[in-house]
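Residues in the sequence shown are numbered from 1 upward in steps of one, following the UniProt record's numbering.
For glycine and all other residues, C-beta sits at the position ideal for the given N, C-alpha and C.
Note that this is a predicted model, so its numbers are computed, not measured.
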Amino acid sequence: MRRLVVLGVLAILGVVLVPSAPAAAHGGKVKLEVAGDGATGVTVRALYQSDGHPVEDRVLRLLLTAKGEGGKSVGPLDLEAAPEGRAFYRTSGVLTPGRWTVTVTGTDPNVIATESTVDARAQQAAPPPPTGAPPTTGPAERTGATERSGGGGGGGWWTIAFVVALAAAGAAILMVRQRGTRPAGVPAGRPGTTGRPRRGSGSR
Numbered sequence: 001m002r003r004l005v006v007l008g009v010l011a012i013l014g015v016v017l018v019p020s021a022p023a024a025a026h027g028g029k030v031k032l033e034v035a036g037d038g039a040t041g042v043t044v045r046a047l048y049q050s051d052g053h054p055v056e057d058r059v060l061r062l063l064l065t066a067k068g069e070g071g072k073s074v075g076p077l078d079l080e081a082a083p084e085g086r087a088f089y090r091t092s093g094v095l096t097p098g099r100w101t102v103t104v105t106g107t108d109p110n111v112i113a114t115e116s117t118v119d120a121r122a123q124q125a126a127p128p129p130p131t132g133a134p135p136t137t138g139p140a141e142r143t144g145a146t147e148r149s150g151g152g153g154g155g156g157w158w159t160i161a162f163v164v165a166l167a168a169a170g171a172a173i174l175m176v177r178q179r180g181t182r183p184a185g186v187p188a189g190r191p192g193t194t195g196r197p198r199r200g201s202g203s204r
């Protein structure tokens with residue numbers, strides 16, 4: 001029974017400790033992969049030469065120098081760590097369009113100096129909109145159109161109100177004229193005297 005317990009503990013320790021062995025084995029020479037970034041910058045990736053794993057357990061100080069056509073030169077410049085990870089370094093906008101011979105070295109003696117050819121290209125502008133595409137209406141144009149449509153609706157309401165006011169005024173004038181044509185002394189709403197003699201109660 002004790003033998004089984006000991007064997008189980010050893011198996012667990014083996015599972016826990018074995019994966020950490022490659023990380024502990026990192027060290028030694030560091031090689032660099034140098035390439036252009038598609039425009040006028042340079043990107044560098046640092047890898048351990050022994051196993052090809054990225055150098056993520058420390059930050060290296062790398063220096064860049066470059067020589068271009070026509071005797072142009074750049075550097076030495078410090079490469080900054082890229083946000084992609086500690087193994088990546090970059091510098092942007094340091095080269096002009098053309099072919100360059102780029103050399104990257106490190107202050108750490110384990111870093112292997114690397115030389116690479118980089119073709120720098122001008123940054124491409126955004127493509128123009130396709131021909132025949134409807135123009136995009138800007139916010140100012142949409143606001144102006146909304147105000148114009150709103151102004152037209154307000155004018156319609158004012159016209160209706162003006163017509164209703166005219167109709168009310170006409171009705172009031174007509175009522176005043178009708179009152180002016182009634183005989184004097186005849187109250188409104190009761191018929192006037194026709195002039196017929198009223199028959200007495202005793203004449204039969």
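Taking the Cα of Leu32 as reference, the smallest distance to any Cα among Arg58, Arg45, Asp78, Thr40 is reached at Arg45. Around the beta carbon of Gly106, 16 or more other beta carbons lie within 10 angstroms, which makes this residue buried. When secondary structure is reduced to three states using DSSP, Val94 falls in the coil class, being assigned neither helix nor strand. Of the other Cβ atoms in all chains shown, fewer than 16 fall within 10 Å of the Cβ of Thr96; this residue is therefore exposed. If you look at Ser73, you'll find it in the beta strand (DSSP E) that goes 73-78. Per DSSP, reduced to three states, the secondary structure at Gly36 is strand. For Ala87, the closest C-alpha among the options Leu79, Gly93, Glu115 is that of Leu79. Its Cα nearest to that of Gln123, the residue Gly98 stands out among Gly98, Ala171, Val102, Glu84. Residue burial annotation: Thr159 is exposed, with fewer than 16 other C-beta atoms found within 10 angstroms of its C-beta. About 7 Å separates the beta carbons of Thr40 and Val94, which is inside the 8 Å limit, making them a contact pair.
Boundaries of the beta strand (DSSP E) around Leu64: 62-68.
In this chain, Glu56 is not harboured by any beta strand (DSSP E), its DSSP state being neither H nor E.
With 16 or more neighbouring CB atoms inside 10 Å of its own CB, Leu60 falls in the buried class. Straight through space, the alpha carbons of Leu62 and His53 are spaced by roughly 18 Å. Taking each of Thr91, Val111, Val118, Ile112 in turn and checking the Cα distance to Val102, the smallest one comes out for Val118. About 11 Å separates the Cβ atoms of Pro76 and Thr91, ruling out a contact at the 8 Å cut-off.
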